[in-house]
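Heads up: the sequence shown runs through residues 0 to 388, numbered per numbering that gives the first Met the number 0.
Just so it is clear, CB atoms sit at the ideal spot from N, CA and C, and this is done for glycine as well.
Below you'll find the structure, written out as structure tokens, and then a few comments.
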Amino acid sequence: MFSSHFNDALSALAKTAAQRDRQGGHAAKEKALLRDAGLLRLAIPAKHGGDERSWPDIYRHVRALANVDSALAHVLAFHQLQVATVLIYGTSQQQCTWLRRTVDESGWWGNALNPRDARLQATPSPSQLSQDGYVLNGPKGFCSGTRGSHYLTVSARVNNHVQPVLGLLETAAPGISVKDDWNPMGQRQTDSGSVQFTQVKLPLSAVMRSEHAETTAFHTLRNCLAQLVLVNLFVGVAQGARNQARDYAIAHVKPWQGSGIENATDDPYLLRRMGEMQAQISGAALMADHAASLLQNAWQQGESLTAAGRAEVAVAVFEAKVMAHRCTLFATQEMFDVVGSRGTHADLGFDRFWRNVRTHTLHDPLDYKLQTLGRWAVHGEEPSAHNYN
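Right under this line is the structure:
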């Protein structure tokens, strides 16, 4: 299913994941492994030199990477999300220019499009007939993958308009400063710090969507793509926690005194815990795959996608998000009852699984996902395309 280069990268990353989690910082060498494995081309259409993989296949790559390193899985997934952003909002010329460059330059995409952070302001030029476009000033937070990136997708507010302008920029453009200020308890190598924009020129040729443009159902599919990134990260981390707990139990865990068994892996309580993890993770993975399949079908419809079709995808994504959220918190906590007290040794780094997902599960409240699903179940009310990221 995966290329030998990707499998080699997984093996190399697994050996250093715990140590790098403690260190934090920018994983330049590790990102180079992913780049050299050809993973930056996954979502890029073949006509632009890419692999044009399906979204279910792309998410399988993200999930496999999250098994061993959820921070780099996040960076890789957000690269694909920015490519998708260009495909959703960009003109044919913008897609050809920026995506061909991505392939030819093996360039990483960073995300400065966080819609919840409205501090970045775009000032239109006096004449929209000119090529000046906008001037950007202000900060943007939670900018995943920006450090070490080559290109950025960016959103900025224009006066009092609700809809932001969306644009494309080189990370090294004058006036852009990527800050090294990401210091969370988990996901420590996602390069998700802030970016400061000072008198940055966004020419009209690099504007994907103006503040006046209409929003279609296909445009809002980006929200579903972003949510499925988190779903597959959660499932991947849960799988990684389960695998680590199993391997450690087989190699190191001793039977409890008075249990009457010779091998700890025959302990009925340990087996029950592993069985519960297995059931929850398998269920969440199947729901993630189902949502990805629906998303792929919607993606192929393009601008002909209807609001009802998009709602079907959103409901499946929300359902998968709820189950993946719950199963990953359960697995990353329950693994410690499997590995026992010796499994808490700091060098093992088993705590990183819980810290990583707890950092991510706070991305948006599960209560609002459940409320939306409740409105769908009771009233048939379609999920709003504008109330989640």
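Start and end residues, beta strand (DSSP E) containing residue i
{"i": "Ile-175", "result": "175–177"}
{"i": "Ser-91", "result": "Ser-91 -> not in any beta strand (DSSP E); alpha helix (DSSP H) instead, spanning 91–104."}
{"i": "Glu-169", "result": "164–169"}
{"i": "Pro-138", "result": "133–139"}
{"i": "Val-153", "result": "150–155"}
Endpoints, alpha helix (DSSP H) assigned at residue i
{"i": "Phe-196", "result": "Element bounds for Phe-196: not the alpha helix (DSSP H) but the beta strand (DSSP E), 194–201."}
{"i": "Arg-59", "result": "54–67"}
{"i": "Asn-6", "result": "3–22"}
{"i": "Gly-308", "result": "306–338"}
{"i": "Lys-46", "result": "Lys-46 -> no alpha helix (DSSP H), and no H or E assigned at all."}
{"i": "Leu-32", "result": "27–35"}
Cβ neighbour criterion (16 or more within 10 Å) applied to residue i
{"i": "His-359", "result": "buried"}
{"i": "Ile-280", "result": "buried"}
{"i": "His-218", "result": "buried"}
{"i": "Gln-256", "result": "exposed"}
{"i": "Ile-57", "result": "buried"}
{"i": "Thr-343", "result": "exposed"}
{"i": "Arg-40", "result": "buried"}
{"i": "Ser-303", "result": "exposed"}
{"i": "His-378", "result": "exposed"}
{"i": "Met-273", "result": "buried"}
{"i": "Ile-260", "result": "exposed"}
{"i": "Gln-18", "result": "exposed"}
{"i": "Pro-382", "result": "buried"}
{"i": "Ser-2", "result": "exposed"}
{"i": "Gln-238", "result": "buried"}
{"i": "Leu-64", "result": "buried"}
Cβ distance (whole Å) where residue i is taken to contact residue j below 8 Å
{"i": "Ala-42", "j": "Ala-11", "result": "Between Ala-11 and Ala-42 the Cβ distance is about 23 Å, and since that is not below 8 Å, they are no contact."}
{"i": "Arg-52", "j": "Gly-235", "result": "The pair is not a contact, with the Cβ atoms about 17 Å apart (cut-off 8 Å)."}
{"i": "His-362", "j": "Leu-229", "result": "6 Å"}
{"i": "His-73", "j": "Leu-328", "result": "The Cβ separation is near 17 Å, so there is no contact."}
{"i": "Val-164", "j": "Glu-210", "result": "5 Å"}
{"i": "Val-153", "j": "Ala-111", "result": "4 Å"}
{"i": "Val-102", "j": "Gly-48", "result": "4 Å"}
{"i": "Ser-143", "j": "Ser-105", "result": "Incorrect: roughly 19 Å between the Cβ atoms, too far for contact."}
Continuous beta strand (DSSP E) assignments of at least 3 residues falling wholly in the stretch 349–384: none
Alpha helix (DSSP H) runs wholly inside the stretch 196–270, at least 4 long, in chain order: 220–251
Stretch pair the stretch 217–228 + the stretch 142–159: three plus CB contacts closer than 8 Å: no
The stretch 272–290 / the stretch 181–188 touching (three or more Cβ pairs under 8 Å): no
Touch test, the stretch 190–198 against the stretch 235–246, Cβ-Cβ under 8 Å, three pairs minimum: no
The stretch 318–334 contacting the stretch 281–295, beta-carbon criterion three pairs below 8 Å: yes
The stretch 90–97 contacting the stretch 129–139, beta-carbon criterion three pairs below 8 Å: no
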